[in-house]
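In my numbering, the protein residues as written are 3 to 275.
Ideal Cβ placement from N, Cα and C applies to all residues, glycine included.
Values in this document were obtained by computation on a predicted structure and should not be read as measured data.
Read the structure below first, then the notes.
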Amino acid sequence: MDRNCEHQNIYYSGKREFYFFTWSIPNVSSINNLNVSTVNFTMKNGCTYNGTLIGSKEKITFTIASVANLKCFVSMFIGSETLLLSNSLNVPTRTAATCSPCTKYYDLITLSSGDESFEKLKQHPNDTSILICRIIYRVETFSTRSLKTPVNIPTDSLYDVKMFVDALKNSSESLTTEKVLLRVGDETEIVSKALLCARSPVFAKMFENDMRELKEKTVTITDIKMPVLKVLVSFLYTGKLWNSDSDLASNGDFDFLCDLYYASDKYNIIDLR
């Protein structure tokens with residue numbers, strides 16, 4: 003099972019480290035007695051983490067374990083694009099006090115028979131499930147907060163249209179019609195300035211006061227590839243990462259997803275973080 007799991011550290015800066023892994027679970031609908039774990043992945047700080055998937059006829063759980071303080075995110079997909087659920091945890095749900103340092107457990111997924119999501123997973127014709135996980139390590143103690151996205155939501159609903167519309171209503175006419183260039187090397191992408199400001203506080207900050215980006219109406223990007231930027235911009239407009247399985251097959255490999263998560267974190271695109 004672990005051969006279907008890929009780990010990668012995205013980047014680290016100061017007291018924060020960012021990690022990303024995907025785990026493909028084939029034949030998930032026929033899981034009856036499963037208890038598998040990923041390898042222990044070593045972080046820059048020397049600590050390790052691993053993920054454990056336990057499945058039976060009655061229940062499916064997914065947990066990340068580490069002695070480190072982590073912030074964990076997971077999205078569970080059926081097939082290539084059907085989002086089953088998303089969840090994030092800032093603090094562990096339980097600890098093992100019998101060892102020192104104590105192991106912290108982040109119980110990110112718990113699906114039981116009778117749950118609509120559990121039945122949807124079991125009955126879906128494409129019974130390959132994909133877990134996409136992002137992990138942040140930092141020295142500080144995390145605040146006690148857990149955010150869970152309602153299950154069985156369409157992917158489109160991840161795009162907060164109301165937020166964008168409200169931002170447009172509160173913007174000047176020049177902002178709503180003005181375009182800016184996102185430049186990567188010799189390539190450019192034309193984007194609505196209002197869209198960028200409404201969806202990304204980082205872009206909004208760039209266009210404040212007398213910053214160079216405001217004067218030139220151009221943002222030069224050196225650490226993100228243009229194919230990644232195009233998918234990011236498309237998501238800002240539509241709320242979709244890919245329109246079809248063919249798009250996912252051509253762009254959705256592991257390295258591409260890592261680059262996309264890096265871009266979403268850099269520009270604080272909350273719906274993709």
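{"Asked": "Going by beta carbon distance, what residues of the same chain come within less than 6 angstroms of residue 112, once the five residues before and after it are set aside?", "Found": "63"}
{"Asked": "So what does DSSP say about residue 217, is it helix, strand or coil?", "Found": "helix"}
{"Asked": "Check the C-beta distance from residue 110 over to residue 24 and give it rounded, since I have them as a contact under 8 angstroms.", "Found": "With 8 angstroms as the limit, residue 110 and residue 24 do not qualify as a contact, their Cβ atoms being about 14 angstroms apart."}
{"Asked": "Assess, as a yes-or-no matter, whether the segment 186 to 206 is touched by the segment 224 to 242 under the definition of 3 or more beta carbon pairs within less than 8 angstroms.", "Found": "yes"}
{"Asked": "Over what stretch of residues does the alpha helix (DSSP H) that includes residue 235 continue unbroken?", "Found": "228 to 240"}
{"Asked": "The alpha helix (DSSP H) spanning residue 122 covers which residue range?", "Found": "118 to 125"}
{"Asked": "Do you know offhand how far residue 67's Cα is from residue 47's?", "Found": "15 angstroms"}
{"Asked": "For residue 36, which residues of its own chain have a beta-carbon under 6 angstroms away from its beta-carbon, when the five flanking residues on both sides are left out?", "Found": "57"}
{"Asked": "If you follow the alpha helix (DSSP H) that residue 209 is in, where does it begin and where does it stop?", "Found": "Counting along the chain, residue 209 falls outside any alpha helix (DSSP H), and DSSP gives it neither H nor E."}
{"Asked": "Which residues mark the beginning and the end of the beta strand (DSSP E) in which residue 98 is found?", "Found": "96 to 98"}
{"Asked": "Quick one: residues in its chain with C-beta nearer than 6 angstroms to the C-beta of residue 98, no 5 flanking neighbours on either side, listed in chain order?", "Found": "104 and 105"}
{"Asked": "Cα separation between residue 139 and residue 59?", "Found": "34 angstroms"}
{"Asked": "Assign residue 269 to one of three DSSP states: helix, strand, or coil.", "Found": "coil"}
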